[in-house]
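4 protein chains.
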Amino acid sequence: MFRNQRLGKTSQDVLDYLSSLEADKRIFKADLLVDRAHLIMLKENGLVSSKVCSDIFLELEKLEKNGYIIGNEEDVHEVIEKNVIVGAGPDGGRMHTGRSRNDEVATCIRLALRGEMLDLMHEQLSLIRTLVELAEKHTTTIIPGFTHTQHAQPTTLAHHLLAHADAAGRDLARLEDAYLRVNQSPLGAAAFASTGFKIDRQRTCNLLGFEGLVENSMDAVSTRDFILEVLADLSILMVNQSRLAEELVLWSTSEFGYLELDNLYASTSSIMPQKKNPDTAELARGKTGSVLGSLMAVLSICKGLPLSYNRDLQEVTPHLWRSMDWTRSTVRILDGCVSSLKFNLERLEQCAGAGFSTATELADSLVRITGMPFRTAHLIVGRIAASGRRPDLGELDSISLEYAGFRPSEHDFSEANLERALDPRSNVALRANTGGPAPVETERMIRDRLGRIAEGEERLAGRRSRVEKALGELGKER
Amino acid sequence: MFRNQRLGKTSQDVLDYLSSLEADKRIFKADLLVDRAHLIMLKENGLVSSKVCSDIFLELEKLEKNGYIIGNEEDVHEVIEKNVIVGAGPDGGRMHTGRSRNDEVATCIRLALRGEMLDLMHEQLSLIRTLVELAEKHTTTIIPGFTHTQHAQPTTLAHHLLAHADAAGRDLARLEDAYLRVNQSPLGAAAFASTGFKIDRQRTCNLLGFEGLVENSMDAVSTRDFILEVLADLSILMVNQSRLAEELVLWSTSEFGYLELDNLYASTSSIMPQKKNPDTAELARGKTGSVLGSLMAVLSICKGLPLSYNRDLQEVTPHLWRSMDWTRSTVRILDGCVSSLKFNLERLEQCAGAGFSTATELADSLVRITGMPFRTAHLIVGRIAASGRRPDLGELDSISLEYAGFRPSEHDFSEANLERALDPRSNVALRANTGGPAPVETERMIRDRLGRIAEGEERLAGRRSRVEKALGELGKER
Amino acid sequence: MFRNQRLGKTSQDVLDYLSSLEADKRIFKADLLVDRAHLIMLKENGLVSSKVCSDIFLELEKLEKNGYIIGNEEDVHEVIEKNVIVGAGPDGGRMHTGRSRNDEVATCIRLALRGEMLDLMHEQLSLIRTLVELAEKHTTTIIPGFTHTQHAQPTTLAHHLLAHADAAGRDLARLEDAYLRVNQSPLGAAAFASTGFKIDRQRTCNLLGFEGLVENSMDAVSTRDFILEVLADLSILMVNQSRLAEELVLWSTSEFGYLELDNLYASTSSIMPQKKNPDTAELARGKTGSVLGSLMAVLSICKGLPLSYNRDLQEVTPHLWRSMDWTRSTVRILDGCVSSLKFNLERLEQCAGAGFSTATELADSLVRITGMPFRTAHLIVGRIAASGRRPDLGELDSISLEYAGFRPSEHDFSEANLERALDPRSNVALRANTGGPAPVETERMIRDRLGRIAEGEERLAGRRSRVEKALGELGKER
Amino acid sequence: MFRNQRLGKTSQDVLDYLSSLEADKRIFKADLLVDRAHLIMLKENGLVSSKVCSDIFLELEKLEKNGYIIGNEEDVHEVIEKNVIVGAGPDGGRMHTGRSRNDEVATCIRLALRGEMLDLMHEQLSLIRTLVELAEKHTTTIIPGFTHTQHAQPTTLAHHLLAHADAAGRDLARLEDAYLRVNQSPLGAAAFASTGFKIDRQRTCNLLGFEGLVENSMDAVSTRDFILEVLADLSILMVNQSRLAEELVLWSTSEFGYLELDNLYASTSSIMPQKKNPDTAELARGKTGSVLGSLMAVLSICKGLPLSYNRDLQEVTPHLWRSMDWTRSTVRILDGCVSSLKFNLERLEQCAGAGFSTATELADSLVRITGMPFRTAHLIVGRIAASGRRPDLGELDSISLEYAGFRPSEHDFSEANLERALDPRSNVALRANTGGPAPVETERMIRDRLGRIAEGEERLAGRRSRVEKALGELGKER
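Protein chains in written order, with the working numbering: chain Y, 53 to 530; chain L, 53 to 530; chain F, 53 to 530; chain V, 53 to 530.
Below is the structure:
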């Protein structure tokens, strides 16, 4: 693929069109690691001499330390190889024995992506912890619960935050599943057809800390479905975060007035200091759209490509890196933003009680205590709600007599029952079923989630140390 | 949400706009199951009487047997409830105790989707088996291997088919991961805020054969990320299948002439019977685009929605069902199509040898046997290739002398080595590294994949029986 | 393409996969018109006899009146042809002289789409008129203007509504541009290579009321870019409408309380009648996502298809019809919804004045009247804003003295100036530049827009009558 | 919006998240022009003094010449303003009189985009000319015509190339329509609510060479539908180009062997010089996917945003610039690539005649000359085709006798008629209807298209000179 060697005249426009050097910056370090692992394996299998191996190692170290100068090359692999040959002589080319750019680039992408995923999982765990720890402080903070962006029933801030935390937990779980499919080694697949050199793919796999092989050599260089999967996971994660971001925007309007963003995460105007724009939350929403676009781009690029490698795939990776950056920064920003929110507790509780949003519980109480049919209770409460006033027991009795034929007060329905149904706080306390907003239940969930977070951190630490151990040993080889 | 009861004048246009009845057909049976499970739990917990429970069961059975008549209802849940109340009297409304349409619809979608996923996994396993069993017959069938849709190196049909099988295997693995997140019960979350009735969510979860709970009640009704995940998995699966479909189109052109589709999977013209159009493969490609569109639709619908339930979500499910249909039918059609392919073995082998596509191996052989540097060997072989002729040892010697300073024949490179490098068949046999096309290695992979398929079938059977057992018992309850 | 005639065994699964009959319902009437026009042209050019032509006309009329019965056909064209042959004998097949299904289907889609576009343009004009006429009533209705969903400066409801009307006007303009590219006849292109029969494409073009020909016969059957363009236009239109819908959701929350939807366009609960869910607006948002998905589907289906016709294109049209339905119903629903909105004028005006949102104008006034530098005025006003109190002239003087070195009151800045800057109503009246919210300017814009609407209606009527005239005459031919 | 002035601690992570400086590089020059125009208007309307105006002009010139240094600013507008204030003193801030960053950024984007569109239209016209001029050389070059990627009927290379040229012509027409909606001035809309300064929006509109105003000031800063429209147009254009690119890949396979790409547009390997990879065409396909992704990103970002400006919009513009770059480079590369194609004329003609692809014309001839029914002729030709042999008149007669009851040779069907139908070249000549492949018709189309191209170039020159004249005069103002 050395274009200039045999082809005729060239032009800068075409070279720019073909170049992947900009995106390749992301895999430069990965490439050096892959080179090292491949060389060690070649040496161990007698495919290059120790001397050649050492010479090349020396050049790779120089490159790592000093960076590289780009000439007319198309990609970073070519840059590295040329530099090595300049330094180590023609034998530098032996680094390329039994492999090709096709398996090399696939390996580099997976290696670099693995690292990004570990970092993202760390950041996501931190965001989840922030949400859960914030919930811990607010198990008794009453807030309006919404359906259709309309007040429906009172709930607690803890309950609401835990909903986001659980969604974020699934986002993490998907990343963990994907990690296993990403962290596989295509190295040694060569151009797609394997090689006649007796190489040891399992050895480079181990040296680079991969979990296993993308075995079939044609599959190994053709597939980018691991990128599709990660982009899909990032898209879903971002959609979940955009829902949180939307609430930050909404709840910080002067109309809602539920919360205030810390100055660091908002912007203001020199002239309207009272106006605090939720810029970070808006950008989080916006960047969600950008990640969706990347997913769509890559799906449509990969659609209908025959096996094995096609140059279209070069267009895939920049979308991955951009989306990874957008996602990771959004997770970090929202983590910081959420952890520094100031809630207007008074306003939240007041709104929670407004608008007869406890109607459902009143009807349910009537059913539970007096045994009246469900729809009858609904009719009675609807009639009360229409009046717009908070009912007293007398009023409830008289309307019930009309609709149900009896007075609730004569069927064990007391003033206390009425009060309990209508007061947001007691109302919430009643909803203690699994997953409900009652403090006793959210406290249980918080303990459970903190446990899960700890487990997740442990799993992550295990993965990271496995990788770092492998790469650390690789770094010691000469 | 009974619109007509309290709202003013209505119009058909608005009713049609709001209606989900068309899409709800897909969840009618699921809804009846959910009703049954919920009722049993209510009865067990003393929330409805045995009598009422029996009466409602009777009505549900009638509905299941006779179907339903639609009036002015907006959705299927309303249709069922009205029918039950007509049959069982006002107490029929007690079926709704402690739940809401929000948790009900989320549960129905998961139940119906679970069933579709089990069927799809079955179909995908069948397709993988078809690919692997076809590979089994073609471990020694030589074909050209492609990069950039250009002949690169010879490989075998088995190697190529196994690449598709492995990609399809990952598609299946992703579905299996998603299944665990889909098969969770939101039932009992009520509108989003749980309920004051002392219900038992774990009981309905078990009755319906779910793996666990979507615990947080707000999360349970708000999230559609399980649909996003499934649609993403279907999209990736379809992209992988579109690559196979593209090859079916390409390889069945008269120019390629590599294979012929069975008449069942092609169409022809009364006037040009020699022209066989690969319509099913083209439609498979096309339907891939449709599935991508669904994913994009649902991602953009869910983006930026505040918690909890919003009516926008009604737009989500039809995309899921359509994409599930498109994907399942595509998997089935490609399975049948692949299993009935007729390959032109002679043409494939002939093309595999044309165009000096064994050049890479010749260079590698020179390196391996004579020890000459890698790039030098490349220069020599490039020079030979430029001549367009198949080289003899004399020619190789004289060019090598010029570039490398010695004759390969004097460094253990024999006629047999030359022959082995140039002959596609021996060439392929040389590439016996893990994942390579050598028959010995593809045979190993085939055995391994057949084992994995059997494991997958067993896992699937386990899942299905678990579900069927639960639903079977549910069906017996009165 | 009569599959069953020459191919072997078939199966229902494959037939279903290939069938387009469901989507073809949308072009059945168009197909009959295309058949009629083609027949007339054939007769006029001596390619079928008058007798055969009359016989076929008779059968087409029967079909139009009685509908059709579907057998094992794949598409509607086949159904019609078979029916005609059954009725008119083998000569019925002459209807197909000099054309193919490829040009026929392309023509039918354009014909049916043209009709939908005319209807949509009508509906869009009605929506724009509704917005402008509502604006007409609210040129002096003060509302808060938003940036970042935060109050920024006061404006008027008219100004806000006109912003939506102008966006909707551009959506219409794009549709009008697209209409010209849609309303072109591919008929006579045959399979893609034209035909040896001496047909007259311009004649069928005129008979069917098309504006011109899609000339190149290969282009005529290959391209679906007119569908891509329409779907893109629908997507942009829907995005604009989703912004309006978002505001309907937002403004009808109890927190905003800016407006109330008419009951017809909202839903409520039997138990919480005070809770009015903006379901139609939520569905409008949701359907926007569905239309985006269709666009994405079709773009990715068409990407990379070689010329000319490919079966993938069959997957394209259902997306078009679905999106057209979603868009047209959304426009109609939002039209009705907007026209029946009830605004809370008091709340709007009160919010417009809250939060010192007139700060910008106060600073501008200081600059204009006293000539102080821009940033200095900003500092002064920022200082005032920070206090949270409405300033009096004395306070302004003392702060200005500190920052600017002089008292505004001594530089022509009067109490009246202060009042005018701070009062939302006078503040708005000051902003009378082109496009500004001052009543005098919005009144001018309203008159102008009403004129443009009238012109648009006239243009539309012209287009419709041109089409109807052609089809009317076509209907008279025997 | 000067974040640091009043807000508390900041952090680099958040600043990076908020920054648009990278993307703003694209609008730096536009911004300086906008500043100049705005200043001139301010001066003419007595809103800034001549002295201040001159001082600021001087600073803007310095910035243009020397570039700028970035501090902690968020965007380029802030950078420019700060630089001006440093150079010209506090009065430098007067440049901002009567405008805001909201209208400024919208104006800059439109100005920069307009320039890109003019360049793209130029490049697209060049590509169309290349296609038409290549067609001019190949009106008699016989090639196979395809449906379903299968040979269907013979056509000419001119006919095929003109199909691409006509599609590209529509792509251009859409861009021209969009240009009018892009080239509109939002300047003077201020933050969204106009300004109390008596500015002259029409004057800045003229100074900057815009066609008219985006009048409503709220619409002016809120809408990005002009970006959506351009991205949609780019997407459709790229989809059309991807179809051409796909054919370049396909036709340059060794199996097709229809054409060879010039070395400049292909890549090869040092070792397999006979293998020429169509990298540029593959990348053109790939970049199409990237552009689709941008469209999807921006549609989903804009969906559901309330008026007026929201920070989400900052995420929009980078997608525009990236897609513009991808599209423009693709058009240029394909232009060069197409103009340097080498066709294998012999192979093309040979394939055109293979496989009895003239069957349709033979049937049509039978119908035309002997008057036999259409389907009968099809049956006869189908029977002949099944034999796989080229028929002679005797064979035709005997089969016809069986199916139609008479011998064609006895009904004016001569040997010459048979020859004419079967020979690809005479066959093509018969198809001389409007849009058909007969040389006489393609020659007419070529003349017509060359005329249209000349008109397009003239229109483009007019647009460009109008813009350059305005900006030229603007440059002279001091």
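The beta carbon of each residue, even a glycine, is placed where N, CA and C say it ideally should be.
Source: prediction; values computed, not measured.
Item checked: chain V contact for PHE465(L) (CB, 7 Å cutoff) -> Numbered from its first residue, the second sequence carries residue 465(L) at position 413. It does not; no Cβ of chain V falls within 7 Å.
**Prompt:** With 16 as the cutoff for other CB atoms within 10 Å, does PHE458(F) come out buried or exposed?
**Reply:** Here residue 458(F) is taken as the residue at index 406 of the third sequence, counted from 1. With fewer than 16 other Cβ atoms from the protein chains shown falling within 10 Å of its own Cβ, PHE458(F) counts as exposed.
- Query: Using the beta-carbon of each residue, which ones in chain V are nearer than 9 Å to GLU299(F)?
  - Reply: Taking the third sequence and counting its residues from 1, the one referred to as residue 299(F) is at position 247. Within chain V, the residues near GLU299(F) are PRO358 and LEU359.
Point to revise | Range of the contiguous alpha helix (DSSP H) that encloses ILE137(Y) | key: Within the first sequence, residue 137(Y) is the residue found at index 85, counting from 1. For ILE137(Y), the enclosing alpha helix (DSSP H) covers residues 128-140.
_Contacts of SER439(Y) in chain L (Cβ-Cβ under 7 Å)_ = The residue given as residue 439(Y) occupies position 387 in the first sequence. At a C-beta separation below 7 Å, SER439(Y) has no neighbours in chain L, since its nearest C-beta there lies roughly 14 Å away.
Indicate whether at least one CB of chain B lies closer than 7 Å to the CB of VAL138(F).
Structure shown: chain B not included; protein chains present are Y, L, F and V.
- Task: Starting from the beta carbon of TYR317(F), find every residue of chain L whose beta carbon is closer than 7 Å, and list them in chain order.
- Result: Taking the first residue of the third sequence as position 1, residue 317(F) is located at position 265. By Cβ distance, chain L contributes VAL66.
Checklist entry - Which stretch, first to last residue, makes up the beta strand (DSSP E) that contains PHE80(L)? => result Looking up residue 80(L) in the second sequence gives position 28. Careful: PHE80(L) lies outside any beta strand (DSSP E), inside the alpha helix (DSSP H) at 80-96.
key: Touch test, the segment 206-224 of chain V against the segment 104-123 of chain V, Cβ-Cβ under 8 Å, three pairs minimum   = They do not touch, by the three-pair rule.
List the residues of chain V that ASP387(Y) touches, going by C-beta distances under 7 Å, in chain order. Your numbering for residue 387(Y) matches position 335 in the first sequence. Chain-ordered listing is empty here: chain V has no CB closer than 7 Å to the CB of ASP387(Y), the nearest sitting near 10 Å.
Suppose contacts are defined by Cβ-Cβ distances below 7 Å. Is THR149(Y) in contact with PHE426(L) by that definition?
Here residue 149(Y) refers to the residue found at position 97 when the first sequence is read from its first residue. Here residue 426(L) refers to the residue found at position 374 when the second sequence is read from its first residue. In terms of Cβ geometry, THR149(Y) and PHE426(L) form a close pair [threshold 7 Å].
* To do: Taking only beta-carbon positions, decide if TYR69(V) is within less than 7 Å of chain L.
  => As a first step, residue 69(V) is located in the fourth sequence; it is residue number 17 there, counting from the start. By the rule that beta-carbons nearer than 7 Å mark a contact, TYR69(V) does not touch chain L.
Original post:
Do we get a CB-CB distance below 7 Å when we pair MET324(L) with the residues of chain V?
Top reply: Numbered from its first residue, the second sequence carries residue 324(L) at position 272. MET324(L) counts as touching chain V.
Got a sec? Which residues, its chain only, sit under 6 Å from PRO330(Y) by beta carbon, not counting five neighbours each side?
Position 278 of the first sequence, counting from 1, holds the residue named residue 330(Y). Answer for PRO330(Y): LEU300, VAL301, SER304, LEU313 and ALA318, listed in chain order.
Taking the alpha-carbon of ASP107(L) as reference, which of ALA140(L), GLU116(L) and LEU99(L) has the nearest alpha-carbon?
Taking the first residue of the second sequence as 1, we reach residue 107(L) at position 55. Here the closest residue by C-alpha is ALA140(L).
**Prompt:** How many angstroms separate the CA atom of LYS328(V) from the CA atom of ASN315(V)?
**Reply:** Locating residue 328(V) in the fourth sequence gives position 276, where the first residue counts as 1. Locating residue 315(V) in the fourth sequence gives position 263, where the first residue counts as 1. Approximately 8 Å between the Cα atoms of the pair.
key: Three-way DSSP call (helix, strand, coil) for GLY197(L) in this model   = In the second sequence, counting from the first residue as 1, residue 197(L) sits at position 145. DSSP places GLY197(L) in strand when its eight states are reduced to three.
message = Can you look up GLY248(Y) in the DSSP assignment and give me helix, strand or coil?
response = As a working mapping, residue 248(Y) is identified with position 196 in the first sequence. Coil at GLY248(Y), not helix or strand.
Query raised in the report: Is the CB of LYS327(Y) under 7 Å away from at least one CB in chain V?
Result: Locating residue 327(Y) in the first sequence gives position 275, counting from the first residue. Not an interface residue.
**Per-residue DSSP class, three states only, for GLY527(Y)** = Numbered from its first residue, the first sequence carries residue 527(Y) at position 475. Helix, per DSSP.
Quiz item: Are there 16 or more other CB atoms within 10 angstroms of the CB of ALA481(Y), so buried, or fewer, so exposed?
Solution: Residue numbering aside, residue 481(Y) sits at position 429 when the first sequence is read from its first letter. Buried is the call here.
Rounded to the nearest angstrom, what separates GLY527(L) and ALA230(L) at their Cα positions? Taking the second sequence and counting its residues from 1, one reaches residue 527(L) at position 475. Taking the second sequence and counting its residues from 1, one reaches residue 230(L) at position 178. GLY527(L) and ALA230(L) have their C-alpha atoms spaced approximately 27 Å apart.
Go to GLN205(L), then tell me how far its beta strand (DSSP E) extends in each direction, as first and last residue. Locating residue 205(L) in the second sequence gives position 153, counting from the first residue. For GLN205(L), the enclosing beta strand (DSSP E) covers residues 202-208.
Chain-ordered chain V contacts of GLN205(F) [CB-CB under 8 Å]: Taking the third sequence and counting its residues from 1, the one referred to as residue 205(F) is at position 153. Ordered by position in chain V, the residues that pass the 8 Å Cβ test against GLN205(F) are ALA243, PHE244 and ALA245.
So which of GLN402(F), GLU188(F), TYR361(F) and CYS389(F) has the shortest CA-CA distance to ASP155(F)? Taking the first residue of the third sequence as position 1, residue 155(F) is located at position 103. If we check each option's Cα against that of ASP155(F), TYR361(F) comes out closest.
Express the C-alpha separation of LEU265(V) and ALA225(F) in angstroms, rounding to a whole number. Residue 225(F) sits at position 173 when you count from the first residue of the third sequence. Residue 265(V) sits at position 213 when you count from the first residue of the fourth sequence. Between ALA225(F) and LEU265(V), the C-alpha separation is close to 16 Å.
Counting only beta-carbon atoms, is MET424(Y) nearer than 7 Å to chain F? Working through the first sequence from its first residue, we reach residue 424(Y) at position 372. Taking a beta-carbon distance threshold of 7 Å, MET424(Y) does not count as an interface residue toward chain F.
Chain L contact for GLY542(V) (CB, 7 Å cutoff):
Because chain V spans 53 through 530 in this model, residue 542(V) falls outside it and cannot be assessed.
*Excluding the 5 residues preceding and the 5 following LEU400(V) in the sequence, name in chain order all residues of the same chain whose CB lies nearer than 8 Å to its CB.*
Walking along the fourth sequence from the start, residue 400(V) turns up at place 348. The residues are THR193, ILE194, ILE195, PRO196, LEU209 and TYR310.
Check: Less than 7 Å separating the beta-carbons of ALA468(Y) and MET270(L)?
Finding: Stepping through the first sequence from its first residue, residue 468(Y) is reached at position 416. Stepping through the second sequence from its first residue, residue 270(L) is reached at position 218. Taking 7 Å as the Cβ cut-off, ALA468(Y) and MET270(L) do not qualify as a contacting pair.
key: GLU462(F), buried or exposed, once every other Cβ within 10 Å from all chains shown has been counted against 16   = What you label residue 462(F) is simply residue 410 of the third sequence in a count that begins at 1. Exposed, by the Cβ-count rule.
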